[in-house]
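J.:
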Amino acid sequence: MNVHEEMFARVFIIPEKRDRYVTLIGSVKGRKKILNGFHHIHDLDGRYAKSIPSNEQSAESIFRMLKQKGAPEMCYIMSDDSDIDQTEMPLRAAISRVEGSNFGTLISCIAGKSAYFETEDIGGRYILER
Numbered sequence: 182m183n184v185h186e187e188m189f190a191r192v193f194i195i196p197e198k199r200d201r202y203v204t205l206i207g208s209v210k211g212r213k214k215i216l217n218g219f220h221h222i223h224d225l226d227g228r229y230a231k232s233i234p235s236n237e238q239s240a241e242s243i244f245r246m247l248k249q250k251g252a253p254e255m256c257y258i259m260s261d262d263s264d265i266d267q268t269e270m271p272l273r274a275a276i277s278r279v280e281g282s283n284f285g286t287l288i289s290c291i292a293g294k295s296a297y298f299e300t301e302d303i304g305g306r307y308i309l310e311r
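Numbering (the numbering used here), first residue to last: 182 to 311.
Written as structure tokens, this is what we have:
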């Protein structure tokens with residue numbers, strides 16, 4: 182199991198579902214179930230998931246927000262989009278690729294500390310920070 186994926190489950194998911202997420206992420210079938218749920222996720226811990234205001238949801242604005250929070254140049258991606266799932270890529274490119282893609286995607290900047298999450302829902306964009 183990748184450290185970014187494990188820390189996402191242990192930190193950014195609501196406490197009562199964390200263990201289940203960790204277990205599911207550890208198997209191919211379970212991981213697929215988690216990724217399928219990314220489209221309309223309801224399990225983000227509201228203490229650490231902040232919705233991005235609609236006027237700040239451009240790729241450039243999201244990139245700036247993450248960089249201000251100390252995001253490195255490279256990030257890890259966990260996504261229902263199999264073309265980018267389990268890859269690392271430059272942060273700016275990752276955000277541009279994910280923005281408006283209609284795939285549920287986690288862009289993990291610092292494992293368990295900062296990330297960006299996008300659902301397929303309108304306005305479903307979040308900065309995750311602990």
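Yeah, the Cβ is synthetic: ideal placement off N, Cα and C, and Gly gets one too.
In three-state DSSP terms, what is T300?
T.: To locate residue 300, count along the sequence shown from 1; it is residue 119. It is coil, neither helix nor strand.
J.: Can you list, in chain order, the residues of its chain with a C-beta nearer than 7 angstroms to that of F244? Leave out the 5 residues immediately preceding and following it.
T.: Within the sequence shown, the letter at position 63 stands for residue 244. Closer than 7 angstroms at Cβ, skipping near neighbours: L272, R273 and I276.
J.: Classify M270 as helix, strand or coil using the three-state DSSP reduction.
T.: For the purposes of this step, residue 270 is identified with residue 89 of the sequence shown, where counting begins at 1. DSSP places M270 in strand when its eight states are reduced to three.
J.: Using a 10 Å radius around the Cβ and a threshold of 16 neighbouring Cβ atoms, would you call T204 buried or exposed?
T.: Against the sequence shown, residue 204 aligns to sequence position 23. Classification for T204: exposed.
J.: Would you decide whether E299 is buried or exposed? Buried here means 16 or more other CB atoms lie within 10 Å of its CB.
T.: Working through the sequence shown from its first residue, we reach residue 299 at position 118. Buried: at least 16 other Cβ atoms inside 10 Å.
J.: Quick one, are the C-beta atoms of R191 and R199 less than 7 angstroms apart?
T.: Position 10 of the sequence shown, counting from 1, holds the residue named residue 191. Position 18 of the sequence shown, counting from 1, holds the residue named residue 199. Yes, the Cβ-Cβ distance between R191 and R199 is below 7 angstroms.
J.: To the nearest angstrom, report how far apart F189 and I258 are at their CA atoms.
T.: Position 8 of the sequence shown, counting from 1, holds the residue named residue 189. Position 77 of the sequence shown, counting from 1, holds the residue named residue 258. Computed Cα separation, rounded: 11 angstroms.
J.: Mapping DSSP to helix, strand and coil, what is Y229?
T.: Locating residue 229 in the sequence shown gives position 48, where the first residue counts as 1. In the structure shown, Y229 sits in coil (DSSP, three-state: anything other than H, G, I, E or B).
J.: What is the residue span of the beta strand (DSSP E) that I291 lies within?
T.: For the purposes of this step, residue 291 is identified with residue 110 of the sequence shown, where counting begins at 1. Start and end: T286 to I291.
J.: DSSP on M255, reduced to helix/strand/coil?
T.: For the purposes of this step, residue 255 is taken as the residue at position 74 of the sequence shown. Looking at M255 - three-state DSSP - the assignment turns out to be strand.
J.: Can you tell me whether G285 is buried or exposed? The criterion is at least 16 other CB atoms within 10 Å of its CB, across all chains shown.
T.: Within the sequence shown, numbered from 1, the residue matching residue 285 stands at position 104. By the neighbour-count rule (16 or more Cβ atoms within 10 Å), G285 is buried.
J.: Express the C-alpha separation of D264 and Y297 in angstroms, rounding to a whole number.
T.: Here residue 297 refers to the residue found at position 116 when the sequence shown is read from its first residue. Here residue 264 refers to the residue found at position 83 when the sequence shown is read from its first residue. Using only the alpha carbons, I get a separation of about 18 angstroms.
J.: CA-CA distance, I308 and S242?
T.: The residue you call residue 308 lines up with position 127 of the sequence shown. The residue you call residue 242 lines up with position 61 of the sequence shown. The straight-line gap from Cα to Cα measures roughly 12 angstroms.
J.: Could you pull the DSSP bridge partners for R306 from this structure?
T.: Sequence index remark: in the sequence shown, residue 306 carries index 125 (1-based). Answer is E299, bridged to R306.
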